[in-house]
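Notes follow the structure.
Residue numbers (the numbering used here), protein chains in the order written: chain A, 1 to 330; chain B, 1001 to 1330.
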């Protein structure tokens, strides 16, 4: 479904879910639900589905990459709140005639990604389905005082991102137009960003422990859209510095090949799974120092404002995001 | 996928999942994963997917019933371990062209069932998908000492069930052959068992608190198959008393209409979601008394044996279950 339709839908679901007696720190409206675990820790719960023809095509993805990405997008949600993955439930639906070897390879990718991030697969479901889908739920844990939510950004906070933006969208564009796997060295980085995104566990933990992050989200639907989400939950606006955005040479090469503006990839492209976060003005120096000391990339993407809208500053001018340019899976 | 293929697949997944440092009471191989929560309680995690054309058809199901059953089958897994549902994550995949009113009605059924069983919807995902599916994860909680597993049955234990068997399969047969919703009063009970199965929360809690249950499972894939699962996890065999099985008049009416043996529905029909459980010989009197006092239906379905196979006793003769008669969704 489109982002706008999904946002509407989430709003309606959220309003129909009444509070109850079960203790809950955070329900719908962040990367994970937050449920009290013990005196010092909370459980983080997240679920994401990965559907053939919508989120991936076999023409581009090896079966292992399908499984790995299905798990990675879930792990990324745990990272965005500063947690550590612990357990996972994995459901796969596939047609009866599907070859077992293909499913085994998909599952291999799922297990590999789970192991790399220390998540144990503790259950799941396998069902027949007209089309292939993977639905994963991940349980993470975080120290109460370390959890990063979307809702804490304040006017004046700096807006930062942990790595290149637009790579995944550029990579996907390349794959779609050429209808084949990339072999050219120039395009490979962007293409791999799309096929094998790397959840930012180390970066998320570092930011969570620093205690200076006011809001955090992972960039799943594009910088503009995910900044809007932080602003929506925080009751703020933001200005994005378009000329500052970290765009890698691979994305630039693809953009120039297709006559596109690489900044558009960075603003509107989805599925980079970098962390997008805010830090109070007085802590920006500390952040930069910390990131340098730990060799974690950190780029300035903008500033949080007291307004309600997200604006893009370019050539000294501020403008609203392009209508209809918001990321949509396929 | 077929039950046999699924069982194979689960075996292989189970063997590829190594133990880790994360504490875990029970992983793959029961109705729920069991994760330590606090001094006295465990968390129960379960996930089940519900797929159009496989688990349901719109020709039979109202949209609300689709949502309700998708939630009910998950709640039932919590009940089977003696727990209380607490939280749920709900993912819906549907085609872009799907009418919003239809999805809203499906969601209405999901929310209604969640509320009835005190589960709060705390997150989820909405995705485009070539075909409609619902994937739900439910978090339940149970007192450590009350949790009922599949693995505790011992030779000599009585095998019991909390209600009618075969109703759902008979109801589905009726719906499939007549390709329409049932209106005849006689068939209505069985048809409703299929369309709106009732998770046995009250029964599960009563059994869990009694402290006399040695093993428990919910009947999702038929009495024979689910008895095999208890036996597989417990390292036992069983004899099912075919003449004793509780079959309602509605199932009998459908069987006679289609020239079928109603006992076959009871032995091999799936999706009744009654609880199937075992009780030590010396506690059977207590169980019967307790069930009577609390007006909970309890039927004797067989006995656990020291052998390895599940046999069916009928007319004084024991035989192996019918090959190929095992329940399969559609």
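A virtual CB, placed ideally from N, CA and C, is assigned to each residue, including glycine.
message: Quick check on residue 1322 of chain B: does DSSP put it in helix, strand or coil?
response: Reading the second chain from its first residue, position 322 is the one you call residue 1322 of chain B. Residue state for residue 1322 of chain B is assigned as coil, using DSSP reduced to three classes.
Inset, instruction - Provide the residue span of the alpha helix (DSSP H) that contains residue 1188 of chain B, from first to last. - result: The count along the second chain starts at 1 and reaches residue 1188 of chain B at position 188. Its alpha helix (DSSP H) spans residues 1185-1195.
**Reference residue 1296 of chain B, options B:1169, B:1158, B:1135 and B:1202, closest by Cα** = Here residue 1296 of chain B is taken as the residue at index 296 of the second chain, counted from 1. Nearest of B:1169, B:1158, B:1135 and B:1202 to residue 1296 of chain B, Cα basis: B:1202.
*Cβ of residue 33 of chain A less than 8 Å from any chain B Cβ?*
In the first chain, the residue the question calls residue 33 of chain A occupies position 33. With respect to chain B, the C-beta atom of residue 33 of chain A has a partner C-beta closer than 8 Å.
* **Reduced DSSP secondary structure (H/G/I, E/B, other) of residue 1203 of chain B** => Position 203 of the second chain holds residue 1203 of chain B. The answer is helix: DSSP assigns residue 1203 of chain B an H, G or I state.
Handout entry: Residues, ordered as in the chain, of the region 217-238 of chain A that lie near chain B by beta-carbon distance below 9 Å
Key = Per Cβ criterion, the list is empty.
- Task: Work out the CA separation of residue 80 of chain A and residue 1111 of chain B for me, nearest whole Å.
- Result: In the second chain, residue 1111 of chain B corresponds to position 111, counting from 1. In the first chain, residue 80 of chain A corresponds to position 80, counting from 1. Roughly 28 Å separates the two Cα atoms.
Checklist entry - Taking buried to mean at least 16 other C-beta atoms within 10 Å of its own C-beta, is residue 1199 of chain B buried or exposed? => result By 1-based counting over the second chain, the position of residue 1199 of chain B is 199. With 16 or more other Cβ atoms from the protein chains shown falling within 10 Å of its own Cβ, residue 1199 of chain B counts as buried.
**Prompt:** For residue 1285 of chain B, which residues from the same chain have a beta carbon less than 8 Å from its beta carbon, with the 5 sequence-adjacent residues on both sides left out?
**Reply:** Looking up residue 1285 of chain B in the second chain gives position 285. The beta carbon of residue 1285 of chain B sits closer than 8 Å to no other beta carbon from its chain once the five residues preceding and following it are set aside.
Hey, would you say residue 1193 of chain B sits closer than 8 Å to residue 1220 of chain B, going by beta carbons?
Stepping through the second chain from its first residue, residue 1193 of chain B is reached at position 193. Stepping through the second chain from its first residue, residue 1220 of chain B is reached at position 220. At the C-beta level, residue 1193 of chain B and residue 1220 of chain B stay beyond 8 Å of one another.
**Asked** Quick one, which residues of the region 124-141 of chain A are near chain B if we go by CB-CB under 8 Å, in chain order?
**Response** Result list: 124, 125, 126, 127, 128, 129, 130, 131, 133, 135, 137 and 139.
Would you please verify whether the beta carbon of residue 106 of chain A is less than 8 Å from any beta carbon of chain B?
-> Locating residue 106 of chain A in the first chain gives position 106, counting from the first residue. Under the 8 Å criterion on CB atoms, residue 106 of chain A is classed as non-interfacial with respect to chain B.
With DSSP as the reference, label residue 1034 of chain B as helix, strand or coil.
To locate residue 1034 of chain B, count along the second chain from 1; it is residue 34. Correct three-state label for residue 1034 of chain B: strand.
Note the first and the last residue of the continuous beta strand (DSSP E) segment covering residue 1331 of chain B. Residue 1331 of chain B lies beyond the stretch modelled for chain B, which goes from 1001 to 1330, so this question has no answer here.
Residues, ordered as in the chain, of the region 73-89 of chain A that lie near chain B by beta-carbon distance below 8 Å: Those residues of the region 73-89 of chain A that come within reach of chain B (Cβ to Cβ, closer than 8 Å) are 86, 87 and 89.
Would you grab the beta carbon distance between residue 1246 of chain B and residue 1165 of chain B for me? Rounded to a whole angstrom, and I think it's under 8 Å. Position 246 of the second chain, counted from the start, is the residue given in the question as residue 1246 of chain B. Position 165 of the second chain, counted from the start, is the residue given in the question as residue 1165 of chain B. Beta-carbon to beta-carbon, residue 1246 of chain B and residue 1165 of chain B are separated by about 6 Å, close enough to satisfy the 8 Å threshold.
From residue 175 of chain A to residue 1058 of chain B, what does the alpha carbon distance come to, in whole angstroms?
Along the first chain, read from residue 1 onward, the residue named residue 175 of chain A stands at position 175. Along the second chain, read from residue 1 onward, the residue named residue 1058 of chain B stands at position 58. Looking at the two C-alpha atoms, the distance is approximately 37 Å.
| said: What does the alpha-carbon distance come out to for the pair residue 1142 of chain B and residue 1011 of chain B? | reply: As a first step, residue 1142 of chain B must be located in the second chain, where it is residue number 142. As a first step, residue 1011 of chain B must be located in the second chain, where it is residue number 11. Each residue's alpha carbon lies about 26 Å from the other.
request  = With DSSP collapsed to three states, give me the class of residue 1294 of chain B.
outcome  = Along the second chain, one-based indexing puts residue 1294 of chain B at 294. Reduced to three states, the DSSP call for residue 1294 of chain B is coil.
I want to verify the contact list: residues of chain A whose CB lies under 8 Å from the CB of residue 1213 of chain B, in sequence order. The count along the second chain starts at 1 and reaches residue 1213 of chain B at position 213. For residue 1213 of chain B, there are no C-beta contacts with chain A under 8 Å, since the nearest C-beta of that chain is about 21 Å from it.
- prompt: Using the C-alpha atoms, what's the distance from residue 1197 of chain B back to residue 1069 of chain B?
  reply: Position 69 of the second chain, counted from the start, is the residue given in the question as residue 1069 of chain B. Position 197 of the second chain, counted from the start, is the residue given in the question as residue 1197 of chain B. Looking at the two C-alpha atoms, the distance is approximately 7 Å.
task: Out of A:217, A:258, A:154 and A:124, state which residue places its alpha-carbon closest to the alpha-carbon of residue 283 of chain A.
output: In the first chain, counting from the first residue as 1, residue 283 of chain A sits at position 283. Nearest to residue 283 of chain A by alpha-carbon distance, out of A:217, A:258, A:154 and A:124, is A:154.
Check: residue 118 of chain A by DSSP, collapsed to three states: which one?
Finding: For the purposes of this step, residue 118 of chain A is taken as the residue at position 118 of the first chain. In the three-state reduction of the DSSP assignment, residue 118 of chain A falls in the coil class.
Quick check on residue 145 of chain A: buried or exposed, where buried means 16 or more other Cβ atoms within 10 Å of its Cβ? Here residue 145 of chain A refers to the residue found at position 145 when the first chain is read from its first residue. Residue environment: residue 145 of chain A is assigned as exposed (fewer than 16 neighbouring CB atoms within 10 Å of its CB, all protein chains considered).
Item to complete: Could you tell me if residue 330 of chain A is buried or exposed, where buried requires 16 or more neighbouring beta carbons within 10 angstroms of its beta carbon?
Response: The residue given as residue 330 of chain A occupies position 330 in the first chain. Caution applies to residue 330 of chain A, whose pLDDT of 49 falls short of 50 and renders its modelled position unreliable; the value that the coordinates give is listed next. Residue 330 of chain A counts as exposed, since fewer than 16 other C-beta atoms from the protein chains shown sit within 10 angstroms of its C-beta.
For the putative contact between residue 1228 of chain B and residue 1161 of chain B, defined by C-beta atoms under 8 Å, what is the C-beta separation to the nearest angstrom? Indexing the second chain from 1 puts residue 1228 of chain B at position 228. Indexing the second chain from 1 puts residue 1161 of chain B at position 161. Their Cβ separation, rounded to whole angstroms, is 15 Å, which puts residue 1228 of chain B and residue 1161 of chain B out of contact at 8 Å.
Cβ neighbour criterion (16 or more within 10 Å) applied to residue 1274 of chain B
Taking the second chain and counting its residues from 1, one reaches residue 1274 of chain B at position 274. With 16 or more other CB atoms across the displayed protein chains lying within 10 angstroms of its CB, residue 1274 of chain B is buried.
* Can you say whether residue 258 of chain A is buried or exposed, counting buried as having 16 or more other CB atoms within 10 angstroms of its CB? => As a working note, residue 258 of chain A is residue 258 in the first chain. Exposed, because fewer than 16 other Cβ atoms sit within 10 Å of the Cβ of residue 258 of chain A.
Worksheet entry | Close beta carbons around residue 1172 of chain B, own chain, < 6 Å, minus the five adjacent residues each side | Here residue 1172 of chain B is taken as the residue at index 172 of the second chain, counted from 1. Non-local beta-carbon contacts of residue 1172 of chain B in its own chain, meaning distances under 6 Å to residues more than five positions away in sequence, involve 1194 in chain order.
* Asked: Residues in its own chain within less than 6 Å of residue 1263 of chain B by CB, not counting five upstream and five downstream?
  -> Within the second chain, numbered from 1, the residue matching residue 1263 of chain B stands at position 263. Contacts found: 1242.
Going by Cα to Cα distance, which pick from B:1271, B:1318, B:1113 and B:1306 is closest to residue 1163 of chain B?
Taking the first residue of the second chain as 1, we reach residue 1163 of chain B at position 163. The residue with the shortest Cα to Cα distance from residue 1163 of chain B is B:1271.
Next item on the list: Within 10 angstroms of the Cβ of residue 321 of chain A, are there 16 or more other Cβ atoms? Answer buried if so, exposed if not.
Entry: What you label residue 321 of chain A is simply residue 321 of the first chain in a count that begins at 1. With 16 or more neighbouring CB atoms inside 10 Å of its own CB, residue 321 of chain A falls in the buried class.
Under a CB-based cut-off of 8 Å, is residue 1028 of chain B close to chain A?
Residue 1028 of chain B sits at position 28 when you count from the first residue of the second chain. Cβ-Cβ to chain A under 8 Å: yes for residue 1028 of chain B.
For residue 48 of chain A, which option in A:119, A:186, A:61 and A:136 has the closest C-alpha, if you only look at C-alpha atoms?
To locate residue 48 of chain A, count along the first chain from 1; it is residue 48. Minimum Cα distance to residue 48 of chain A is reached at A:136.
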